[in-house]
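2 protein chains.
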Amino acid sequence: MPEATVARLPLYLRALTTLAERGVATVSSEELAASAGVNSAKLRKDLSYLGSYGTRGVGYEVDFLRHQITREIGLTQDWAVVIVGIGNLGHALANYGGFASRGFRIAALVDADLSRVGEEVAGLKVRHADELEQIVQDLGIAIGVVATPARAAQLVCDRLVAAGVTSILNFAPAIVQVPEGVDLRKVDLSTELQILAYHEQRKNGAALALTAEQAAELAEAVNG
Amino acid sequence: MPEATVARLPLYLRALTTLAERGVATVSSEELAASAGVNSAKLRKDLSYLGSYGTRGVGYEVDFLRHQITREIGLTQDWAVVIVGIGNLGHALANYGGFASRGFRIAALVDADLSRVGEEVAGLKVRHADELEQIVQDLGIAIGVVATPARAAQLVCDRLVAAGVTSILNFAPAIVQVPEGVDLRKVDLSTELQILAYHEQRKNGAALALTAEQAAELAEAVNG
DNA sequence: AGACGCTTGTGAACGTGTGCACAAAGTTGC
DNA sequence: GCAACTTTGTGCACACGTTCACAAGCGTCT
Numbered sequence: 001m002p003e004a005t006v007a008r009l010p011l012y013l014r015a016l017t018t019l020a021e022r023g024v025a026t027v028s029s030e031e032l033a034a035s036a037g038v039n040s041a042k043l044r045k046d047l048s049y050l051g052s053y054g055t056r057g058v059g060y061e062v063d064f065l066r067h068q069i070t071r072e073i074g075l076t077q078d079w080a081v082v083i084v085g086i087g088n089l090g091h092a093l094a095n096y097g098g099f100a101s102r103g104f105r106i107a108a109l110v111d112a113d114l115s116r117v118g119e120e121v122a123g124l125k126v127r128h129a130d131e132l133e134q135i136v137q138d139l140g141i142a143i144g145v146v147a148t149p150a151r152a153a154q155l156v157c158d159r160l161v162a163a164g165v166t167s168i169l170n171f172a173p174a175i176v177q178v179p180e181g182v183d184l185r186k187v188d189l190s191t192e193l194q195i196l197a198y199h200e201q202r203k204n205g206a207a208l209a210l211t212a213e214q215a216a217e218l219a220e221a222v223n224g
Numbered sequence: 225m226p227e228a229t230v231a232r233l234p235l236y237l238r239a240l241t242t243l244a245e246r247g248v249a250t251v252s253s254e255e256l257a258a259s260a261g262v263n264s265a266k267l268r269k270d271l272s273y274l275g276s277y278g279t280r281g282v283g284y285e286v287d288f289l290r291h292q293i294t295r296e297i298g299l300t301q302d303w304a305v306v307i308v309g310i311g312n313l314g315h316a317l318a319n320y321g322g323f324a325s326r327g328f329r330i331a332a333l334v335d336a337d338l339s340r341v342g343e344e345v346a347g348l349k350v351r352h353a354d355e356l357e358q359i360v361q362d363l364g365i366a367i368g369v370v371a372t373p374a375r376a377a378q379l380v381c382d383r384l385v386a387a388g389v390t391s392i393l394n395f396a397p398a399i400v401q402v403p404e405g406v407d408l409r410k411v412d413l414s415t416e417l418q419i420l421a422y423h424e425q426r427k428n429g430a431a432l433a434l435t436a437e438q439a440a441e442l443a444e445a446v447n448g
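From first to last, the protein sequence lines are chains A and B.
Read in order, the letters of the first sequence correspond to residues 1 to 224 in this note's numbering.
Read in order, the letters of the second sequence correspond to residues 225 to 448 in this note's numbering.
Next comes the structure, spelled out in structure tokens:
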């Protein structure tokens, strides 16, 4: 399955859940594509990788399709997750309700700062970083979330990998390297803003250019 | 400039900043690519869109290149940002130090919940959502960050756009539609985890298949 | 039963992104 | 000044992703 398709499946899943909550039983690729914000041909091609779950002339059965995507992504089992770094962001992640409902269970919170250890966050006691390996092994954790400062990120990832974690979601603004076989995704707040800033700047430039053009037209109209 | 290149410029900028802090004056495409975690040919092609800023046989001057990228992204000016939704995530974003150092200034915090209005977060008083339009216009805000619950996201985006915001970074787990000309990027925590889960599941599947194969080999060894 | 209308699933064309490989261009050493 | 070495910038081939367009299939209505 193409990586681009995998990245969109959660989007479809969310759209389907919304439709299911509204009591919609079947949906066409056109409608579903619209509510997911993608092209309908792309949606159909994406869904075709799962199998032929649609009915020509009718569309897709919402609940059935939802179940198929859930199964394909692997959300029928629940995934134990450890969050490393319980600062502002770690707190926010720990308290984020969206995980539990989507097959993820926050199994442990870890921090290197002794003043945070023992504190209760989202119903879990924060444990010390020294216990990280033990926790990962005892709880059979495969997915780690890194929300530490940038300077700690590489070390934390190394330790997670050494303890047996094979998927890492990194929020730290740092470039970390992981060995082959370990999946690393990163979410970088300032990178996202910088991309927006680039386009914003070009928009303003375009606006100015347009104004200049309009000015030229105006000049021509006046002089011509 | 290709979109894929734009998305990598912040990465290079970060790598260059790290190098500059370490006192490195010049860097080859090979070294810079390694620290940014990309292919060196790709890096060179990306940088070539900015102009011919390298010296053959030597490499790139760190400070100079850093400045060029900063200018290209539009980080020489500072961008006023409003954060809407001061829950756990909004708090974390408001307190995130990485913005100020990268040309972004959090100019206002807004929330619909009256119990949060007036609270001081990261040195700013939280203001009420009713004031949103006024704030955007008064402060000349072009970039909005949405950290509200999913159900409020579309309305908040509509109001931001109506008030003149042309770039939105959406953290709410909802699919929002914006008119042409407005840039929308989204950061979705559970989507990222779901993508990891998909690969994790496949890894386990592969591991199980291998075990089955090993079992077959073992059976053959025993029986043969 | 057959014709009609609607929607899926997919072949094919197109566009974008990636990476190799090398010529061009600079530096260093003698 | 020239040869040897290093590194950039880029042409080219390939892989990946997207979109169009339409045949195939299903349901409905007469």
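Here a beta-carbon is modelled for each residue, glycine too, at the ideal position from N, C-alpha and C.
Distance between beta carbons of residue j and residue i, contact taken as under 8 angstroms
{"i": "residue 336(B)", "j": "residue 351(B)", "result": "No, residue 336(B) and residue 351(B) are not in contact; Cβ-Cβ is about 11 angstroms, not under 8 angstroms."}
{"i": "residue 9(A)", "j": "residue 73(A)", "result": "6 angstroms"}
{"i": "residue 308(B)", "j": "residue 282(B)", "result": "So it is not a contact: roughly 47 angstroms between Cβ atoms."}
{"i": "residue 367(B)", "j": "residue 196(A)", "result": "6 angstroms"}
{"i": "residue 25(A)", "j": "residue 61(A)", "result": "7 angstroms"}
{"i": "residue 53(A)", "j": "residue 65(A)", "result": "6 angstroms"}
{"i": "residue 418(B)", "j": "residue 102(A)", "result": "7 angstroms"}
{"i": "residue 316(B)", "j": "residue 91(A)", "result": "7 angstroms"}
{"i": "residue 341(B)", "j": "residue 360(B)", "result": "Rounded, the Cβ-Cβ distance is 17 angstroms, inconsistent with contact."}
{"i": "residue 408(B)", "j": "residue 392(B)", "result": "5 angstroms"}
Span of the alpha helix (DSSP H) around residue i
{"i": "residue 12(A)", "result": "3 to 21"}
{"i": "residue 255(B)", "result": "253 to 260"}
{"i": "residue 270(B)", "result": "264 to 272"}
Collapsed DSSP secondary structure at residue i in the structure displayed
{"i": "residue 124(A)", "result": "strand"}
{"i": "residue 114(A)", "result": "coil"}
{"i": "residue 314(B)", "result": "helix"}
{"i": "residue 175(A)", "result": "coil"}
{"i": "residue 393(B)", "result": "strand"}
{"i": "residue 71(A)", "result": "helix"}
{"i": "residue 278(B)", "result": "strand"}
{"i": "residue 428(B)", "result": "helix"}
{"i": "residue 191(A)", "result": "helix"}
{"i": "residue 320(B)", "result": "coil"}
{"i": "residue 355(B)", "result": "helix"}
{"i": "residue 447(B)", "result": "Residue confidence for residue 447(B) is low, a pLDDT of 48 falling below 50, so the modelled location carries little weight and cannot support an answer."}
Neighbour list for residue i in chain A, Cβ cutoff strictly below 8 angstroms
{"i": "residue 263(B)", "result": "Going along chain A, no residue has its Cβ under 8 angstroms from residue 263(B), so there is no contact; the nearest lies around 14 angstroms."}
{"i": "residue 252(B)", "result": "Near residue 252(B) there are no residues of chain A at all, since even the closest Cβ is about 17 angstroms away, more than 8 angstroms."}
{"i": "residue 284(B)", "result": "What residue 284(B) touches in chain A: nothing, since even the nearest Cβ is about 17 angstroms away."}
Within chain B, the residues that residue i reaches when beta carbons sit closer than 9 angstroms
{"i": "residue 203(A)", "result": "366, 390, 391, 405, 407"}
{"i": "residue 256(A)", "result": "It is not possible to answer for residue 256(A), since the shown part of chain A is limited to 1 through 224."}
{"i": "residue 200(A)", "result": "298, 303, 366, 367, 390, 391, 407"}
{"i": "residue 91(A)", "result": "312, 315, 316"}
{"i": "residue 99(A)", "result": "413, 414, 417"}
Residue(s) in a DSSP beta bridge with residue i
{"i": "residue 104(A)", "result": "79(A)"}
{"i": "residue 367(B)", "result": "305(B), 391(B)"}
{"i": "residue 61(A)", "result": "26(A)"}
{"i": "residue 109(A)", "result": "83(A), 126(A)"}
Where the beta strand (DSSP E) through residue i begins and ends
{"i": "residue 407(B)", "result": "407 to 410"}
Amino acids of chain B, ordered along the chain, whose beta-carbon sits closer than 8 angstroms to that of residue i
{"i": "residue 115(A)", "result": "Neighbours of residue 115(A) on chain B: none; closest Cβ ~17 angstroms, over 8 angstroms."}
{"i": "residue 175(A)", "result": "235, 238, 239, 259, 260, 261"}
{"i": "residue 102(A)", "result": "414, 417, 418"}
7 angstroms Cβ cut-off: residues of chain A touching residue i
{"i": "residue 231(B)", "result": "195"}
Chain A residues whose Cβ lies nearer than 9 angstroms to that of residue i
{"i": "residue 273(B)", "result": "The contacting residues do not exist; residue 273(B) stays about 12 angstroms from chain A at best."}
{"i": "residue 277(B)", "result": "Chain A residues near residue 277(B): none, gap ~17 angstroms exceeds 9 angstroms."}
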